[in-house]
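Chemist: Here it is: the structure, laid out below.
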DNA sequence: CCCGTCATGCAATAAAATTGCATCGTTTTG
DNA sequence: CAAAACGATGCAATTTTATTGCATGACGGG
């Protein structure tokens, strides 16, 4: 993992649709050498996957919310059960067990407030293990990167 | 935007590295027709971009943290200034202005706790516009999807 | 100093994307 | 109601791109 690999990763994290020849030229290598590096990065798992990122508005998910969740019972199995439950919801795009002010943080992608309500009703129903939860609607997204700076 | 488009988007959000011929076969179209659909989805911006997703551990960012931030001054320009400031930090992967319990939520990707400390010192220094902030370390990531379910 | 290892570039080959064209179903228009 | 227009499709030819074999040169260990 040298300077060239890092440069490759930077480029591919921004745009993985460019051709290998382009990529090769940008980093100053022959196409074949470049390709072999990229393949190695994929094989070793540094590059996990190549995906399409949609425009949320044009894909019909205009609303984003962050929800912090406090659990009643904190045992490992209770935590796991809640996370499994939350993970199954399509609207949940990220789900984290955290230390500190709360127990779980969810990030939701929603069509509208109606869907928000429906998801909350399912996740935080009476017999669920949730003491309380705070819903914060995203007013403005200043940054939302998939890239990891190298 | 019909059933086939939605199926295409589902597939491409999981794996955009497959060949057009593969994709075409999976959805039951000829390669040329499939390609034209994908190109349209890109051109109209439904597909925003194609990117490489790295394995955070193998890319040297093992630590993730969620930080909630309360501002002193809440005017639009103060909010903007803080968000601009936060956005410039490489470790900040997501930055949201939100309604509700707090003002700003940041999601950080860090090498170690030392970097966490350094970032916090820069973002929440004395003359910054921050009343207080809560740092929550991610213990477990149950879900972290880039996909939007269609 | 020689050998083994590894990454590289070049050129040939294989695979994939792209395009032109004809067809078919649907909608619009006269 | 029929004709025209539009859009999406499949096929096959063409262009572009990825991939591979091979020879070269750099580097480190014995």
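Residue numbers (our numbering), protein chains in the order written: chain A, -12 to 137; chain B, -12 to 137. Glycine included, every Cβ here is placed at the ideal spot set by N, Cα and C.
Taking 8 Å as the cut-off, does the CB of residue 75 of chain B come closer than this to any heavy atom belonging to the ligand PLP?
Modeler: With respect to the ligand PLP, the structure shown offers nothing to examine, as it has no ligands at all.
Chemist: At the 9 Å Cβ level, is residue 0 of chain B part of the contact set with chain A, yes or no?
Modeler: Yes - at least one Cβ of chain A is within 9 Å of the one on residue 0 of chain B.
Chemist: Which whole-angstrom value describes the C-beta separation of residue 14 of chain A and residue 41 of chain B, a residue pair presumed to lie in contact below a C-beta threshold of 8 Å?
Modeler: That belief does not hold up - the Cβ atoms of residue 14 of chain A and residue 41 of chain B are roughly 17 Å apart, past 8 Å.
Chemist: Where does residue 14 of chain B fall in DSSP's three states?
Modeler: Three-state result, residue 14 of chain B: helix.
Chemist: Could you say if the region -5 to 9 of chain B and the region 118 to 125 of chain A meet the contact criterion of at least three C-beta pairs nearer than 8 Å?
Modeler: Contact fails: fewer than three Cβ-Cβ distances are below 8 Å.
Chemist: Where residue 50 of chain A and residue 97 of chain A are concerned, what is the direct C-alpha to C-alpha distance, given to the nearest angstrom?
Modeler: Approximately 5 Å between the Cα atoms of the pair.
Chemist: The alpha helix (DSSP H) with residue 33 of chain A in it runs from where to where?
Modeler: Run containing residue 33 of chain A: none; DSSP gives neither H nor E here.
Chemist: What are the start and end residues of the beta strand (DSSP E) that includes residue 57 of chain A?
Modeler: Start and end: 50 to 58.
Chemist: Assuming residue 56 of chain A and residue 89 of chain A are in contact, meaning their beta carbons sit under 8 Å apart, how far apart are those beta carbons, in whole angstroms?
Modeler: With a Cβ gap of about 6 Å, residue 56 of chain A and residue 89 of chain A count as contacting.
Chemist: Which chain A residues are close to residue 85 of chain B, counting only those with a beta carbon under 7 Å from its beta carbon?
Modeler: Within chain A, the residues near residue 85 of chain B are 53, 123, 124, 125 and 126.
Chemist: So, helix, strand or coil for residue 111 of chain B, using DSSP?
Modeler: If DSSP states are grouped into helix, strand and coil, residue 111 of chain B belongs with coil.
Chemist: Chain B partners of residue 18 of chain A, CB-CB under 8 Å?
Modeler: Result: empty, since nearest Cβ-Cβ is about 17 Å, beyond 8 Å.
Chemist: Which two residues bound the contiguous beta strand (DSSP E) that contains residue 92 of chain B?
Modeler: Here the beta strand (DSSP E) through residue 92 of chain B covers 91 to 97.
Chemist: Tell me where the alpha helix (DSSP H) around residue -10 of chain A begins and ends.
Modeler: Run containing residue -10 of chain A: -10 to 1, per the alpha helix (DSSP H) assignment.
Chemist: Which residue marks the beginning of the beta strand (DSSP E) containing residue 126 of chain A, and which one marks its end?
Modeler: From DSSP, the beta strand (DSSP E) with residue 126 of chain A extends over 117 to 131.
Chemist: How about residue 30 of chain B: is its C-beta nearer than 9 Å to some C-beta of chain A?
Modeler: By this cut-off, residue 30 of chain B is not an interface position.
Chemist: Can the beta-carbon of residue 99 of chain B be found closer than 9 Å to that of residue 38 of chain A?
Modeler: No.
Chemist: Does the beta-carbon of residue 19 of chain A have 16 or more other beta-carbons within 10 angstroms, so that it is buried, or is it exposed?
Modeler: The residue is exposed, with fewer than 16 neighbouring Cβ atoms inside 10 Å.
Chemist: Name, please, each residue of chain A whose Cβ falls closer than 7 Å to the Cβ of residue 89 of chain B.
Modeler: Neighbours of residue 89 of chain B on chain A, chain order: 123.
Chemist: In angstroms, rounded to a whole number, what distance separates the CA positions of residue 64 of chain B and residue 94 of chain B?
Modeler: Straight-line Cα distance between these residues: approximately 22 Å.
Chemist: Could you tell me whether the Cβ of residue 64 of chain A comes closer than 9 Å to any Cβ of chain B?
Modeler: False, the Cβ-Cβ gap to chain B never drops below 9 Å.
Chemist: Along chain A, which residues have their Cβ under 8 Å away from the Cβ of residue 9 of chain B?
Modeler: Near residue 9 of chain B there are no residues of chain A at all, since even the closest Cβ is about 13 Å away, more than 8 Å.
Chemist: Whose C-beta lies closer than 7 Å to the C-beta of residue 119 of chain B among residues of the same chain, with five residues either side of it excluded?
Modeler: Correct list, in chain order: 57.
Chemist: Alpha carbon to alpha carbon, what distance is there between residue 137 of chain A and residue 25 of chain A?
Modeler: Their backbone Cα atoms lie some 15 Å apart in a straight line.
Chemist: Just list the residues that DSSP pairs residue 81 of chain A with in beta bridges.
Modeler: According to DSSP, residue 81 of chain A bridges with A/94 and B/131.
Chemist: Look at the alpha carbon of residue 70 of chain B and the alpha carbon of residue 46 of chain A, and state the distance between them as a whole number of angstroms.
Modeler: If you take the alpha carbons of residue 70 of chain B and residue 46 of chain A, they lie about 26 Å apart.
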